[in-house]
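Novice:
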Amino acid sequence: MKRLIIGTAGHIDHGKTTLVKRLTGIETDRLKEEKQRGISIELGFAPFNLPGGQKAAIVDVPGHERFIRHMLAGAFGIDMVLFTIAADEGVMPQTREHADIIEMLGVDKGIVVITKMDMVDEEWLMLVEDEIREYIDDTILKGCPIVAVSAVTGEGIPELLQTIEEVASTVVEKPIVGQARLPIDRVFTIAGFGTVVTGTLWSGQIHVGDILELMPTQKMVKVRTLHVHNEKVTTAFAGQRVAVNLQGIEVSEIKRGYLVASRGYLVPSYRVDTKLRLLGSSSRTLKNWNRIRFHLGTDETLGRVVLLDRDELVPGEEAYVQIVMEKPVVAYKGDPFVIRYYSPVDTIGGGSIIDPNAPHQKRFKEEVLNDLAVKEEGSLYDVVLHELENTQEPLSVGELAKRTGSSDQAIIEEINQLLEDEKIVDISGKGSYYLSSQGLELIYEHIANTISRYQEKYPLRSGYPKEDMRSRSFSKITPRVFNAMIKYFEDEGRIINKTNLVSLPGYRPTLGEKEQQLIVKIRSLMKEALFAPPGMEEISAVCNLPEVGLNEIIAYLTEQGELVKINESIYFSIAAIERGKDLLNEYFTREKELTLATARDIFDTSRKYALPLIEYYDRTHFTRRVGDIRVKYNPSREKSTGEVVN
37 MKRLIIGTAG HIDHGKTTLV KRLTGIETDR LKEEKQRGIS IELGFAPFNL PGGQKAAIVD
97 VPGHERFIRH MLAGAFGIDM VLFTIAADEG VMPQTREHAD IIEMLGVDKG IVVITKMDMV
157 DEEWLMLVED EIREYIDDTI LKGCPIVAVS AVTGEGIPEL LQTIEEVAST VVEKPIVGQA
217 RLPIDRVFTI AGFGTVVTGT LWSGQIHVGD ILELMPTQKM VKVRTLHVHN EKVTTAFAGQ
277 RVAVNLQGIE VSEIKRGYLV ASRGYLVPSY RVDTKLRLLG SSSRTLKNWN RIRFHLGTDE
337 TLGRVVLLDR DELVPGEEAY VQIVMEKPVV AYKGDPFVIR YYSPVDTIGG GSIIDPNAPH
397 QKRFKEEVLN DLAVKEEGSL YDVVLHELEN TQEPLSVGEL AKRTGSSDQA IIEEINQLLE
457 DEKIVDISGK GSYYLSSQGL ELIYEHIANT ISRYQEKYPL RSGYPKEDMR SRSFSKITPR
517 VFNAMIKYFE DEGRIINKTN LVSLPGYRPT LGEKEQQLIV KIRSLMKEAL FAPPGMEEIS
577 AVCNLPEVGL NEIIAYLTEQ GELVKINESI YFSIAAIERG KDLLNEYFTR EKELTLATAR
637 DIFDTSRKYA LPLIEYYDRT HFTRRVGDIR VKYNPSREKS TGEVVN
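In my numbering, the protein residues as written are 37 to 682.
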């Protein structure tokens, strides 16, 4: 059964709240000031059942121009509208502004309700109805049914309920699959329960026990209990009015305009790319960098417009516009929005989100405009391919769904077709990460150039340490994705990955004449010293070479297996390592236990060198430490006894 959210709209004092009470039996004016002044200031909510049994809820919005931002907060997410026009006044200023807002939000299902029919005679009522029909012909409400009622006498109410049911049958149900998104329009505390937020669930489902993400603060919260239309439930579905009791957060940490969503699904952003239409009825033009009020969901944010293809937008025109926010917003591709002029405040236009996490865009750039056109007008197949052709990293199904505003299942269907058409590549081989063939080459070129520059800078090194390369040059890519990329190019033979040192095929460390001479000198020093090798400072002094340059040569000799790094300051030649093993093997033919003092004497060196060398032999399983002595490492004995190997 569809979950129906009905919104009211119309000029102040045109009977919206009275009508809601007549339909539902609920008084939606809650505030003392509302009751005293007889006008709605805050949003009101009233659940009720239609004659056929369908559950519905009415969002009653304020009509006064001073509270338009509250009206906007309530209008986002509604399925249909009860557009009220009082019989004794007809079309008024807020009638027109509310109609503009409904149009900007794309709410094309509704009923025009002529209220207060008891206050006029039949002839006047017919004149008002004619005026209304003429007016709505130029609005999104064109063709909507018109029903006259009196909330005081009840006349017309049965007909209105029947009409609501008929229109409701044409409403497309919101998707209950996918990620959850609940814009918050109220937040309060209930004694014994704690923090409660309410709103209309735009998509997905929320379950008791879910861990959700509060946006834009990105704080994790837990769902303690759920209420839908004043009934306790374990699951809330898209399209329902929901009250969520949250655990792990205080009321002071939440504001209207925040939202709760599935974890990792949304990203706060200061820039959004949009298709913006300026209302034909607007009395203002919009110039580049004008300050505006941006309304999305229940949030209002100040921002500035960047006109990407012109210097001025005139009433009735639409254009690609980037909006730069003064505080981060949380948007999704395809979301409708409304803009109002900063001061004096009036509604001037709206549109839909094309890119919710847009980069800084340069104006009057053909490639920028073409990119936005594909994202806005292209088929899902085209948009997915476009995203994969222009990315600097492989993308998952979830990321593509987020970027395109589609479901995971819809993305999977397009991915399968793109794979079949050989337009894209599954770089993981497991259906995890994808790139277009074009994007693959762009990324390979970036990786190859990065490795090439590294090899030019460090010609003695065997390769670029993989994680070092990722963190320095590809930090936005996770290790998991980066490893999948390297593995893909390695399997293709376009990259060599040896012990996590990445190089290009055919690369070999290159020794210049100077380096060759220095290596000969270092070899001589190490051979002469044997078990008392010189430190870096001594080698640097003898070779007349700064330690920075010396480090490269030492690293090269270590990679080539000529030197062995014992600790941070001591290197032994491989000849010393092997000679030491020979001496100890000879010793262990006569003795079973070795002390450090004996090792020092065998190597004819000081404790400074004997201790780190014997510890190296422990680590490499040539010897084994038992208390203060060493014994010869015996693999078969270690395996049979299960003793700890040092």
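C-beta atoms are modelled at their ideal positions from N, C-alpha and C, and glycine is treated no differently. This structure is a prediction, so every number in the text was calculated from the model and none was measured.
(1) Classify Ile75 as helix, strand or coil using the three-state DSSP reduction.
(2) What runs of the alpha helix (DSSP H), each 4 residues or longer, lie entirely inside the stretch 341-395?
(3) Do we get a CB-CB distance below 8 Å when we pair Lys145 with the residues of chain B?
(4) Given a cut-off of 8 Å, decide if Leu312 and Gly387 are closer than it, judged by their beta-carbon atoms.
(5) Going by C-alpha to C-alpha distance, which of Phe330, Ile220, Leu40 sits closest to Glu362?
(6) For the beta strand (DSSP E) holding Pro219, just list the boundary residues, first then last.
(7) Cα-Cα, which of Gly475, Leu315, Glu353 is closest to Thr383?
(8) Could you tell me the boundaries of the beta strand (DSSP E) in which Gly46 lies?
(9) How would you call Lys152, buried or exposed, if buried means at least 16 neighbouring beta carbons within 10 angstroms?
(10) Helix, strand or coil: which one does DSSP assign to Lys668?
(11) Can you name the start and end residues of the alpha helix (DSSP H) that Lys459 belongs to?
(12) Whole angstroms are fine: how far does the CA of Glu402 sit from the CA of Pro395?
(13) If you pair each beta-carbon of the stretch 562-571 with each one of the stretch 504-519, do three or more pairs fall below 8 Å?
(14) With C-beta atoms as the reference, is Ile41 less than 8 Å away from Ile114?
(15) With a CB to CB cut of under 8 Å and the five nearest residues on each side skipped, what residues in its chain are close to Asn85?
(16) Could you check if Phe119 belongs to the surroundings of the ligand ZN, using beta carbon to heavy atom distance under 7 Å?
(17) Which residues in the same chain have their Cβ closer than 7 Å to the Cβ of Tyr171, if we skip the five residues on either side of it in sequence?
(18) For Arg102, which residues from the same chain have a beta carbon less than 7 Å from its beta carbon, with the 5 sequence-adjacent residues on both sides left out?
(19) Need the endpoints of the alpha helix (DSSP H) that Asp174 sits in, please.
(20) Go ahead and pull the three-state DSSP assignment for Thr60.
(21) Compute the distance between the beta-carbons of Lys471 and Glu588, then report whether it is under 8 Å.
(22) Check whether the Cβ atoms of Leu237 and Ala204 lie closer than 8 Å to each other.
(23) Evaluate contact between the stretch 283-302 and the stretch 346-364, counting only Cβ atoms and requiring at least three cross-stretch pairs below 8 Å.
(24) Could you give the distance in angstroms between the alpha-carbon of Pro219 and the alpha-carbon of Leu197?
(25) Would you check if the distance between the CB atom of Leu248 and the CB atom of Arg299 is smaller than 8 Å?
(26) Candidates Gly333, Asp157, Ser468, Pro671: which alpha carbon is nearest Gly110's?
(27) Considering only the beta carbon of each residue, do Leu421 and Ala446 sit closer than 8 Å?
(28) Taking the CB atoms as reference points, tell me whether Ala184 and Ala123 lie closer together than 8 Å.
(29) With a threshold of 16 other CB atoms inside 10 Å of the CB of Arg217, please say whether the residue is buried or exposed.
(30) Does DSSP classify Asp309 as helix, strand or coil?
(31) Just grab the DSSP bridge partners of Thr440 for me.
(32) Between the Cα of Val556 and the Cα atoms of Val578, Arg643, Asn406, Val538, which residue gives the shortest distance?
(33) Taking the C-alpha atoms as reference points, what is the distance between Val433 and Ile390?
(34) Between Val667, Arg626, Pro211, which has its C-alpha nearest Asp444's C-alpha?
(35) Return helix, strand or coil for Met251, following the three-state DSSP convention.
(36) Can you name the start and end residues of the beta strand (DSSP E) that Lys563 belongs to?
Specialist: Considering the structure as presented:
(1) With a pLDDT of only 32 at Ile75, under 50, the local geometry of the prediction cannot be trusted, and the value read off the model is given with reservation. Note: Ile75 maps to coil in three-state DSSP.
(2) none
(3) Although the question refers to chain B, the structure presented lacks it and comprises just one protein chain.
(4) yes
(5) Phe330
(6) 217-219
(7) Leu315
(8) 40-46
(9) buried
(10) strand
(11) Segment: none, Lys459 is in no alpha helix (DSSP H) and carries neither H nor E.
(12) 16 Å
(13) no
(14) yes
(15) Lys91, Ala92
(16) The ligand ZN is not part of this structure, which contains no ligands at all.
(17) Val127
(18) Any reading at Arg102 is ruled out, since the residue's pLDDT is 49, under 50, leaving its predicted position unreliable.
(19) It is not in any alpha helix (DSSP H) - Asp174 carries neither H nor E in the DSSP assignment.
(20) helix
(21) Sequence check: residue 471 is Leu here, not Lys. No; because the gap between Cβ atoms is not below 8 Å, this pair is not in contact.
(22) no
(23) no
(24) 28 Å
(25) yes
(26) Gly333
(27) no
(28) yes
(29) buried
(30) strand
(31) None; Thr440 has no bridge partner.
(32) Val578
(33) 19 Å
(34) Pro211
(35) strand
(36) Segment 549-565 is the alpha helix (DSSP H) holding Lys563; no beta strand (DSSP E) there.
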